[in-house]
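Residue numbers (the UniProt record's numbering), protein chains in the order written: chain G, 1 to 174; chain D, 1 to 174.
This report concerns only the one structure given below.
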DNA sequence: CCGTAATACCTCGTAATCGATGTATTGTTC
DNA sequence: GAACAATACATCGATTACGAGGTATTACGG
């Protein structure tokens, strides 16, 4: 998720680590903050893997900046990760939102539609959080107001997203 | 999140690891699967911390089972974690849903309402995923259909949850 | 001129997680 | 009767993440 965000932001423009951190914080930080001690090692990993390069520039205000740029391999890697997301990128909302935030970079309508279809298939599977043996329990069947709320919220989310997915897939298919 | 789920399920009834795993998979597995190699060490951690005890019973079908029971300290710990969730339990949907799934165990309406109020306050903060400098961007301002969808979905979810939270807090306050 | 905040980067130890793999038993299917 | 799935638990190494702490500079208010 973090690596995807790094690649995604750098696809648009070279950035230094500190700026990258602010953008990632704006994107996902209110939900799941990213520690600096996670970001900088992640940058190093990607650099070591040849996905990005760095150039040192004098800092605008303080210490010198390490401006990060995607290599051609890095650009390919982002497109690959967007075109073939891991299953958890599809099912986990946090990760899925990160995929959505950068999916435009895929720049290939059928491939984009394919990714949306995977999410659609996932949301269309009948799934609950609570079961009576095999049978999924409906919100109305639960005494617990909190679990009932959980199902209610999940269903509302799902309905909104399904509508958007169907609409967007249709428009990509044109 | 995993530890909370373990404590939460065991609060109701003693279970062996394998059964625990099935319940956790039903609860959160379609979104974020839990590997066995994560669950068993987590059980050991909690056991070592004195939160749960184990008793070996002959297996119903195969190998002997380790039936896990919450100790009194484990029961206190669950209530404590539910009454004072970490900030990420409030903001991260996956973790928040786990809190909701077990919040009834808190068994104290004002404390439950307090937890819901924290989530309410979080959702009421104006937050976007995309910014123009300081100013949060609205869905309508984005060209990118995927980012627009992301905001649309997030807003729909948020609206549904806000309604439920306000309603439930009101009924807990009676 | 002193403290604080912001900019900008980094390391270290610890903890958590995962995938792969291993062990042993019972029940079911070909 | 030989596979195979399901039950039931466990370890190990590699990866990832986090909190705490560190370094250095500029800008600003008191």
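Cβ atoms here follow ideal geometry from the backbone N, Cα and C, with glycine treated the same way.
Keep in mind the model is a prediction, meaning the values are calculated, not measured.
Problem set entry | Contact the region 95 to 110 of chain G vs the region 75 to 82 of chain G: 3+ CB pairs below 8 Å | yes
Problem set entry | Beta-carbon proximity of residue 32/G to residue 174/D, cut-off 7 Å | no
For this session: Just list the alpha helix (DSSP H) runs in the UniProt domain "Transcription regulator PadR N-terminal" (6 to 79) of chain D, keeping only unbroken ones of 4 residues or longer that don't cross its boundaries, in chain order.
Result: DSSP runs (the alpha helix (DSSP H)) wholly in the UniProt domain "Transcription regulator PadR N-terminal" (6 to 79) of chain D: 17 to 24, 36 to 48.
Exercise. Of the choices 114/D, 95/D, 163/D, 122/D, whose alpha-carbon is the least far from that of residue 8/D?
Worked result: 95/D
Exercise. Quick one, which residues of the region 140 to 152 of chain G are near chain D if we go by CB-CB under 7 Å, in chain order?
Worked result: 144, 145, 146, 147, 149, 150, 152
For this session: Would you grab the beta carbon distance between residue 14/G and residue 82/G for me? Rounded to a whole angstrom, and I think it's under 8 Å.
Result: Between residue 82/G and residue 14/G the Cβ distance is about 20 Å, and since that is not below 8 Å, they are no contact.
Exercise. Roughly how far, in whole angstroms, is the beta-carbon of residue 139/G from the beta-carbon of residue 120/G, given that I think they are within contact range, below 8 Å?
Worked result: With 8 Å as the limit, residue 139/G and residue 120/G do not qualify as a contact, their Cβ atoms being about 22 Å apart.
Exercise. Hey, which unbroken runs of the alpha helix (DSSP H) at 4 residues or more fall wholly within the region 101 to 135 of chain D?
Worked result: 109 to 124
For this session: Measuring only between beta-carbons, confirm whether residue 164/D sits less than 7 Å from chain G.
Result: yes
Exercise. Just the Cα atoms here: how many angstroms apart are residue 29/G and residue 2/G?
Worked result: 11 Å
Exercise. With 16 other CB atoms within 10 Å as the buried threshold, where does residue 166/D fall?
Worked result: Note on residue 166/D: under 16 other CB atoms within 10 angstroms of its CB, so exposed under the neighbour-count rule.
For this session: State the Cα-Cα distance for the pair residue 154/D and residue 55/D, rounded to the nearest angstrom.
Result: 45 Å
Exercise. Taking Cβ positions only, does residue 92/D come closer than 7 Å to chain G?
Worked result: yes
Problem set entry | Chain-ordered neighbours of residue 30/D on chain G, where CB pairs are closer than 7 Å | 91, 127
Exercise. Alpha carbon to alpha carbon, what distance is there between residue 58/G and residue 253/G?
Worked result: Outside the shown range of chain G, which is 1 to 174, sits residue 253/G, and nothing can be said about it.
Problem set entry | Assigned secondary structure, residue 140/D (DSSP; H/G/I helix, E/B strand, else coil) | Residue 140/D: helix per DSSP, three-state reduction.
For this session: Would you mind stating whether residue 34/G and residue 24/G have Cβ atoms separated by less than 7 Å?
Result: yes
For this session: Flag residue 78/G as yes if its beta-carbon sits less than 7 Å from any beta-carbon of chain D, otherwise no.
Result: So, not an interface residue.
Exercise. Could one say the Cβ of residue 156/D lies closer than 7 Å to chain G's Cβ atoms, at least one of them?
Worked result: yes
Exercise. Taking the alpha helix (DSSP H) that residue 167/D falls in, what are its first and last residues?
Worked result: 145 to 173
Exercise. What residues from chain D crowd round residue 104/G, counting only those whose CB sits closer than 7 Å?
Worked result: 144, 146
For this session: Leaving aside the five residues before and after residue 169/G along the sequence, list all residues of the same chain whose C-beta is less than 6 Å from its C-beta, in chain order.
Result: 113, 116
Exercise. From 157/G, 74/G, 37/G, pick the residue whose C-alpha is nearest to that of residue 48/G; which is it?
Worked result: 74/G
Exercise. How big is the Cα-Cα spacing for residue 86/G and residue 157/G?
Worked result: 22 Å
Problem set entry | CB contact below 7 Å: residue 131/G versus chain D | Chain D contact via Cβ: present.
For this session: Figure out for me which residue from 50/D, 20/D, 51/D, 46/D has the closest Cα to the Cα of residue 36/D.
Result: 20/D
Exercise. Got a sec: is the Cβ-Cβ distance from residue 134/D to anything in chain G below 7 Å?
Worked result: no
For this session: Answer with buried or exposed for residue 148/D, where buried requires no fewer than 16 other C-beta atoms within 10 angstroms of its C-beta.
Result: Only buried fits residue 148/D, as 16 or more other CB atoms lie within 10 angstroms of its CB.
Exercise. What residue from 61/G, 18/G, 38/G, 71/G has the CA that sits closest to residue 51/G's CA?
Worked result: 71/G
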